[in-house]
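Chains as they are written, first to last, in the working numbering: chain H, 1 to 114; chain E, 1001 to 1110.
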Amino acid sequence: EAGVTQFPSHSVIEKGQTVTLRCDPISGHDNLYWYRRVMGKEIKFLLHFVKESKQDESGMPNNRFLAERTGGTYSTLKVQPAELEDSGVYFCASSLQGQYYEQYFGPGTRLTVT
Amino acid sequence: QKEVEQNSGPLSVPEGAIASLNCTYSDRVSQSFFWYRQYSGKSPELIMSIYSNGDKEDGRFTAQLNKASQYVSLLIRDSQPSDSATYLCAVNKYGNKLVFGAGTILRVKS
């Protein structure tokens, strides 16, 4: 069974540009999550999809971040325009529906904004 | 106060010893608890989950949960150099988002 995949693995962009990150969850996982780790900090929750619906987006830092999950399969996270403080590693995770919500993480996308 | 607290380490243990990693959490409504292992530059890898008070064993790993004390621990028996990594404690309150601790660096010396 394939795990969570993310693309690209690394992105370097200039301040003000736009970047789109993609996540493909484990097949059959209705729950999809985005997390972020900035340098020296803990991994922080960004948002949670159940199928195509946003269940919780309380962790999204501001309106420069837009997440979508059309059709309830893969998800994209767009940052527009990017700022220096957006640099970090963006992780995607997925889980089955159920009481205990074991989340499996993808390899992450390292975003560097210069 | 952080929601999930871990000693940053590094925790150094000799090969073959027991490594004991600890985590405390602040919110009593927390329902499920996870330990992830993260090698440098890699993604978090789920190694243990625990939901009820007591111990849960899986191979060389034992997770312990004490909800009254708001305390979770991970024991690694017969530690190997390949266990050297950062161990992340994560807490799930309402069935969706995980709240992570900063992680404990474990170094197993051969």
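Glycine residues also receive a C-beta, built at the ideal position from the N, C-alpha and C atoms.
Counterpart residues of residue i in DSSP-defined beta bridges
i, result
"residue 1054(E)", "1065(E)"
"residue 89(H)", "37(H), 110(H)"
"residue 1005(E)", "1024(E)"
"residue 101(H)", "DSSP lists no partner for residue 101(H)."
"residue 6(H)", "23(H)"
"residue 1019(E)", "1076(E)"
"residue 1032(E)", "1092(E)"
"residue 1038(E)", "1086(E)"
"residue 1011(E)", "1106(E)"
"residue 1043(E)", "Its beta-bridge partners do not exist; DSSP assigns none."
"residue 1098(E)", "1092(E)"
Option nearest residue i by Cα separation, candidates the options
i, options, result
"residue 1033(E)", "1041(E), 1039(E), 1056(E), 1020(E)", "1056(E)"
"residue 1030(E)", "1104(E), 1066(E), 1105(E), 1107(E)", "1066(E)"
"residue 111(H)", "23(H), 79(H), 12(H), 47(H)", "12(H)"
"residue 82(H)", "9(H), 19(H), 23(H)", "19(H)"
"residue 1026(E)", "1053(E), 1060(E), 1006(E)", "1006(E)"
"residue 69(H)", "10(H), 108(H), 24(H)", "24(H)"
"residue 1014(E)", "1078(E), 1094(E), 1085(E), 1049(E)", "1078(E)"
"residue 64(H)", "15(H), 9(H), 98(H)", "15(H)"
"residue 22(H)", "41(H), 10(H), 37(H), 55(H)", "10(H)"
"residue 1090(E)", "1053(E), 1045(E), 1083(E), 1059(E)", "1045(E)"
"residue 32(H)", "1016(E), 1098(E), 1082(E)", "1098(E)"
"residue 88(H)", "28(H), 67(H), 37(H), 62(H)", "37(H)"
"residue 1028(E)", "1054(E), 1102(E), 1004(E)", "1004(E)"
"residue 1094(E)", "114(H), 28(H), 56(H), 109(H)", "56(H)"
Contact belief for residue i with residue j at Cβ below 8 Å, rounded distance in angstroms
i, j, result
"residue 4(H)", "residue 75(H)", "Contact doesn't hold; Cβ gap of about 10 Å is too wide."
"residue 1106(E)", "residue 1036(E)", "Residue 1106(E) to residue 1036(E), Cβ: 13 Å. No contact."
"residue 34(H)", "residue 84(H)", "Residue 34(H) to residue 84(H), Cβ: 20 Å. No contact."
"residue 45(H)", "residue 1043(E)", "At roughly 15 Å, the Cβ-Cβ gap does not stay under 8 Å, so residue 45(H) and residue 1043(E) are not in contact."
"residue 1051(E)", "residue 100(H)", "6 Å"
Practice task
Please confirm if the stretch 48-67 of chain H is in contact with the stretch 103-112 of chain H, defined as three or more CB-CB distances below 8 Å between the two stretches.
Solution key: no
Exercise for the section: Taking only runs that begin and end inside the stretch 30-81 of chain H, name each unbroken beta strand (DSSP E) of 3 or more residues, in chain order. Expected result: 31-37, 44-50, 53-56, 65-68, 75-79
Practice task
Specify whether the stretch 66-82 of chain H and the stretch 1064-1079 of chain E touch according to this definition: at least 3 beta carbon pairs, one from each stretch, less than 8 Å apart.
Solution key: no
Exercise for the section: Count the C-beta pairs between the stretch 1074-1086 of chain E and the stretch 1019-1028 of chain E that are closer than 8 Å, then say yes if the count reaches three, no if not. Expected result: yes
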